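Chemist:
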Amino acid sequence: MVTKGEVNLDFLRRAQKLPRLGTGISTEFGARSDGLDINRLSREHSNLVHFLEVGCDLERGVDLDTLEWIQKGLPTTYHFLDVNLEESDDLPKAWLAETATLATDLKAHWLCGDAGLWHIGRRDHGHGTLMPPILCTESAAEMARGVRAIRAATGFEVLPENPPAHLYLGDLHLLDYFAQLLEQADTGMLLDVSHLCVYQKVMGFDLTDGVDGFPWERVTELHIAGGSSFDFQGRTFFEDDHGVEILEASWQLFELALARSTNLKAVAFECEHNRIDEVLPIFGRLADAFPLVAGDSP
């Protein structure tokens with residue numbers, strides 16, 4: 007959390023207080039019903055899986071698997087799934103207060119979430135359809151205000167994530183958009199390399215377009231996940247399916263980001279709907295690339 011003594015420090019100094027969490031797994035409410043047992047995975051492979059990223063909305067809260075993880079005192083982060091970061095008006099006091107309370111109960115080390123639109127119009131029960139932000143300077147400034155407001159109200163660092171999409175609007179490259187956002191919000195970022203890979207491909211850019219000049223020192227967490235392609239009306243699109251077939255281009259971006267992200271604290275593999283035996287090789291590769299050493303664990 008951001009303490010009173012740290013509130014006036016810039017992010018790069020605040021980041022020194024954030025713990026190195028190592029490699030982790032993301033989950034959402036009820037993921038075990040068609041996926042893996044996160045607690046068994048942690049119990050049997052604690053050398054590979056060090057923290058849990060809790061995908062959460064206030065409507066559903068957390069499930070029993072997440073509660074078991076928390077009761078064991080293992081590290082978590084809170085990934086919100088129910089706020090439009092692009093709309094600073096989408097931050098009612100009740101949502102801010104309840105989110106802060108739940109994150110505190112989870113003993114989360116920071117908040118993070120897709121920097122886009124989770125709903126159109128007023129927030130409603132069962133309405134959750136993620137769209138990316140409009141990639142323009144006005145949107146970046148608006149989102150920066152939202153990030154600052156959440157950080158001030160909750161006391162947690164807020165790491166915006168680049169969301170997946172099949173179509174992006176706006177005149178900025180995605181990395182230029184986030185560079186503006188991060189500077190104006192004075193925050194870190196959760197960079198999803200698989201989402202970035204999809205963006206570069208669907209926009210027709212080279213894999214490394216935009217990486218030079220991006221503030222890599224602000225990348226606090228990395229995500230990687232499986233993906234698949236499909237064709238529609240003569241065009242190829244990519245699905246962020248959270249499987250275990252990770253595109254080689256995603257691995258290339260992961261290695262690039264790992265080398266440049268000097269303040270990296272965590273790496274999460276999004277694979278909640280797969281068997282333990284299927285995910286272990288990838289966790290092994292990630293843990294080798296970003297090891298948790300003695301003294302790192304919070």
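Sequential numbering of the sequence shown, starting at 7, is according to this note's numbering.
Even glycine gets a Cβ: it sits at the ideal position worked out from N, Cα and C.
These figures come from a predicted structure and were not determined experimentally.
Quick check on residue 166: does DSSP put it in helix, strand or coil?
Modeler: Strand at residue 166.
Chemist: So if DSSP puts residue 243 in a beta bridge, which residue, or which two residues, is it bridged to?
Modeler: In DSSP, residue 243 forms a bridge with 236.
Chemist: Give the DSSP-derived three-state secondary structure of residue 7 in the structure shown.
Modeler: Reduced to three states, the DSSP call for residue 7 is coil.
Chemist: Suppose you measure from the CA of residue 17 to the CA of residue 93; what does that come to, to the nearest Å?
Modeler: Taking the straight line joining both Cα atoms gives about 22 angstroms.
Chemist: With distances taken from CA atoms, which of 215, 181, 172, 66 is nearest residue 196?
Modeler: For the residues 215, 181, 172, 66, the minimum Cα distance to residue 196 belongs to 181.
Chemist: If you draw a straight line from the alpha carbon of residue 242 to that of residue 256, how long is it in whole angstroms?
Modeler: Going by the C-alpha atoms only, they are around 16 angstroms apart.
Chemist: What residue range does the beta strand (DSSP E) around residue 115 cover?
Modeler: Start and end: 114-120.
Chemist: In angstroms with no decimal places, state the Cα-to-Cα distance between residue 189 and residue 25.
Modeler: So the two alpha carbons sit approximately 22 angstroms from each other.
Chemist: Buried or exposed: which applies to residue 254, given that a residue is buried once 16 or more other Cβ atoms fall within 10 Å of its Cβ?
Modeler: Exposed, because fewer than 16 other Cβ atoms sit within 10 Å of the Cβ of residue 254.
Chemist: With DSSP collapsed to three states, give me the class of residue 84.
Modeler: Residue 84 falls in the strand class under three-state DSSP.
Chemist: On a Cα-Cα basis, can you pick out the residue from 240, 80, 164, 143 that is closest to residue 1?
Modeler: No answer is possible for residue 1: the residues shown for the chain start at 7 and end at 304.
Chemist: Closer than 8 angstroms is the cut-off here; do at least three beta carbon pairs connect the region 268-287 with the region 212-221?
Modeler: Too few Cβ pairs lie closer than 8 angstroms, so no.
Chemist: Taking all protein chains shown into account, do 16 or more other C-beta atoms lie within 10 angstroms of the C-beta of residue 251, making it buried, or fewer, making it exposed?
Modeler: Per the 10 Å Cβ criterion, exposed.
Chemist: Please return the same chain residues whose Cβ sits closer than 7 angstroms to the Cβ of residue 209, not counting the five positions on each side in sequence.
Modeler: So the qualifying residues of the chain are 174.
Chemist: Just tell me which of 194, 154, 186 has its CA closest to the CA of residue 315.
Modeler: Outside the shown range of the chain, which is 7 to 304, sits residue 315, and nothing can be said about it.
Chemist: Going by beta carbon distance, what residues of the same chain come within less than 7 angstroms of residue 292, once the five residues before and after it are set aside?
Modeler: Counting only Cβ-Cβ distances below 7 angstroms, and skipping sequence neighbours, we find 29, 273, 275.
Chemist: Nearest-angstrom Cα distance between residue 183 and residue 141?
Modeler: Each residue's alpha carbon lies about 6 angstroms from the other.
Chemist: Answer yes or no: do residue 162 and residue 103 have a C-beta to C-beta separation smaller than 8 angstroms?
Modeler: No, Cβ-Cβ distance for residue 162 and residue 103 is not below 8 angstroms.
Chemist: For residue 57, which beta-bridge partners are listed by DSSP?
Modeler: Paired residue(s): 30.
Chemist: Taking Cβ to Cβ, would you say residue 41 is nearer than 8 angstroms to residue 86?
Modeler: In this structure, residue 86 does not lie closer than 8 angstroms to residue 41 by Cβ.
Chemist: Going by DSSP, name the residue or residues bridged to residue 91.
Modeler: In DSSP, residue 91 forms no bridge with anything.
Chemist: In chain order, what residues of the same chain lie with their CB nearer than 6 angstroms to the CB of residue 66, ignoring the 5 residues before and after it?
Modeler: Closer than 6 angstroms at Cβ, skipping near neighbours: 35.
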